[in-house]
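Just so you know, we're using our numbering here: the sequence shown kicks off at 1 and counts up by one.
Yeah, the Cβ is synthetic: ideal placement off N, Cα and C, and Gly gets one too.
Heads up: the structure comes next, in structure tokens.
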Amino acid sequence: DLYKPSVDIYGPVSKNIAFRVNGTYESANSYRDVVSSERFYVNPSLLFKLGKKTTLTVQADYLKHDFTPDFGIGSISDTIITPVSRNTFFGAPWQYAKTKQATAGFTLKQEINSKWTLAVNGSYQNYKRDYFSIERIQAVSNGDWKRPLGRNNTEENYFIGQVDLTGKFTTAGIGHTLLAGVDADRYLTKAYAYSVPANYDVINLLDPNKYTPRTDMPVATATRFTETPIVRTGVYLQDLISISKKVKLLAGVRWSLQEARKIDTTNLATKNKNTIGAIKTDKAFSPRVGLVYKPLETTSIFVSYANSFSPNTGTTVFGTALEPSIIDQFEVGIKNDFLKGALSVNLTAYRIINNNLAQTAQFGIDGVTPNANTALKELTGQTTSDGFELDIVGRPAKGLDLTAGYSYNYMRYTKTPDAKGNFQEGERLVNNPAHTANATAFYNIKRFKVGATFNYVGKRDGGWNNTRYQAPPTPPNRRIPVDGFSTIDFSAGYTYGRISLLAKVSNIGNTYNYYVHENYSVNPIPPRQVVASLAYRF
């Protein structure tokens, strides 16, 4: 069952001040036994008109989300998905994850004249996560599983400031739209490490009566506290050049610097404090260029290249900051409008090279204990994604809206260190289907709205990618093949005056398949469900 009241209130406070407050509360019991979720969200904002050419927007939001960690139904011998019902839960009744996120920020805009605008942005974000749970589910061939434990408590503080200058001007008959700016941020991660038993107990996934599972919450003692600071800054310049009505060129460059500072650690038993590591600085120039050609009013052809210096959040299992990832992205595509705009067809092909992909770390600091803390990560090597996307949007008749999409993606490791434990080159990443597709059809007639949505997810692998030199001469395959699946949803709505009612039946065929992740987490997709919403507009 799901209950989700929401509210959205907005209006003027005075001639020069406007406000908006939206919020929602959600309480949900899952189709999975024991699993539940509770969310509260509020987002207030104020808009001040300080002058004819000056505006100030101040906003904040707060999200509190408590939920039951759920690693699904797991696997047998790391090769077979456990053959159990959709609702089966193998965790403990006490396990929990509690998160809080709060942000506050402002945007000050000053219109210098009709062609130039200055914007100043500042924000602060705080994120807290308190987690204690049974970890990922990996049973041996007879179904026995020693339930591992995971306990972590982290806090992230993020400060950012940014100044942008945008303007339009013409030189020698060529139009320019210029963007120049500078930004800086500070990221501080605080984390507690805990001492917990390696295993909670033993259960059998295939025979629940074989063992008596524990239900008590074990003791977890905080042993170490770490603070990991990172400082970043960047300067950027971008120009959109209108060479002619048919040709536009985008050119830009960004200089980025990241400084990972020394880590402060505290032994909570002895209260001894220590500073470890060394200051590490990474810097890079990141260019981007794009060209758009319009041979016809209804046709656009584009090609682009972008290089990005992408900071990675979280830390390694040792508490050190992660190096940034350098990403190269190439795109080429065509956009077409037909039938006087009633039909649009877009096709894009791409190659994305991530020169050092950051993923959730497989194991904890001991190299043995499975890790489920998404804030603990590792750099796994270079990946390359080749693919294309097709998008179709049509309105063949009044009130009838159609959309369809298809994508192909081949993401694999292309360069990893030649050492034991690193991922094998040439292997497609887990949880990465080659084919996905979707389609929607909605029809509006006066007060009624009715429609259907189709989604398809192709074959993919769960588990983990294989590593170099694992268990020779006949290494095991750590990947779990998962068949593709499709679902159909049906929606219908009615509006009368200020009242609107919308009902949706999802997964009409009650398809049984799985969401898979890189850590042997195998979660059954939701069954057929009915959701209804009632709205009143004041």
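Give the straight-line distance between the Cα atoms of residue i and residue j, rounded to the nearest whole angstrom.
i    : j    : result
V450 : T495 : 12 Å
Y305 : G290 : 6 Å
I9   : V21  : 5 Å
P5   : A278 : 50 Å
M411 : G72  : 25 Å
E156 : T275 : 19 Å
N431 : S30  : 23 Å
F338 : A452 : 24 Å
K377 : V530 : 38 Å
S123 : L47  : 16 Å
D489 : L502 : 13 Å
T299 : S286 : 30 Å
P481 : I80  : 8 Å
F132 : N466 : 28 Å
T579 : L257 : Outside the modelled stretch of the chain, which goes from 1 to 538, sits residue 579, for which no answer is possible.
K273 : V120 : 39 Å
T226 : V196 : 18 Å
Y541 : V42  : There is simply no residue 541 to check, as the chain begins at 1 and stops at 538 in what is shown.
F442 : Q470 : 51 Å
A28  : L534 : 17 Å
F538 : V7   : 11 Å
T436 : S407 : 5 Å
V34  : F89  : 7 Å
Q238 : N523 : 44 Å
K210 : T369 : 25 Å
Taking buried to mean at least 16 other C-beta atoms within 10 Å of its own C-beta, is residue i buried or exposed?
i    : result
R498 : exposed
E135 : buried
Y520 : buried
P527 : exposed
D70  : buried
I76  : buried
D1   : exposed
R232 : buried
Y536 : exposed
K398 : exposed
D78  : buried
L149 : buried
Report the option in the options whose CA atom is closest to the CA atom of residue i.
i    : options                   : result
S310 : A92, M411, T68 and G234   : G234
N336 : P526, N346, N523 and V84  : N346
A92  : N438, F448 and Y200       : Y200
E259 : T281, P44, L250 and S242  : T281
R288 : R468, N267 and A251       : A251
G568 : L429, S195 and G405       : A query on residue 568 cannot be resolved here, the shown segment of the chain reaching from 1 to 538 and no further.
V253 : K420, K504 and L240       : L240
T57  : N16, E26, I508 and V247   : N16
T360 : G341, R351, N312 and Q470 : N312
R129 : A193, V13 and N513        : A193
A284 : I508, E38 and P324        : P324
R147 : A198, Y41 and I263        : A198
V332 : E297, Y293, E26 and F363  : Y293
T487 : S500, S506, P476 and N307 : S506
T117 : P12, Q125, K53 and I508   : K53
T440 : N209, A191 and T403       : T403
K504 : V522, D401, Y515 and S491 : S491
T154 : Q101, D185 and V163       : Q101
L296 : K340, V516 and R261       : K340
T103 : Y158, I112, I327 and G11  : Y158
G23  : V13, S36, E38 and Y62     : Y62
K168 : Y512, I112 and N477       : I112
L268 : K248, F454 and A191       : A191
Do the CB positions of residue i and residue j come within less than 8 Å of each other?
i    : j    : result
K115 : T55  : no
T170 : L179 : no
N356 : Q329 : no
L319 : T270 : The question names Leu, but residue 319 in the sequence shown is Gly. Contact: no.
A342 : P417 : no
A60  : P44  : yes
L206 : G143 : yes
T414 : T315 : no
K420 : R479 : no
Q138 : G181 : no
D185 : I203 : no
G484 : P433 : yes
N371 : G405 : no
Within 8 Å, do at least three Cβ pairs link the region 454-470 to the region 385-395? Between the region 385-395 and the region 454-470, the count of C-beta pairs closer than 8 Å stays below three; the two stretches do not touch.
Is the region 86-104 touching the region 63-77 in the sense that three or more CB pairs, one from each, lie closer than 8 Å? Enough Cβ pairs lie closer than 8 Å, so yes.
Given 8 Å as the limit, is there contact between the region 389-401 and the region 208-228, that is, 3 or more CB pairs closer than that? Touching, no.
Three-pair Cβ contact test at 8 Å for the region 171-190 versus the region 207-214: As far as the Cβ criterion goes, the region 171-190 does not touch the region 207-214, which means the pair count is below three.
Hey, is the region 440-449 in contact with the region 417-428, meaning 3+ C-beta pairs nearer than 8 Å? As far as the Cβ criterion goes, the region 440-449 does not touch the region 417-428, which means the pair count is below three.
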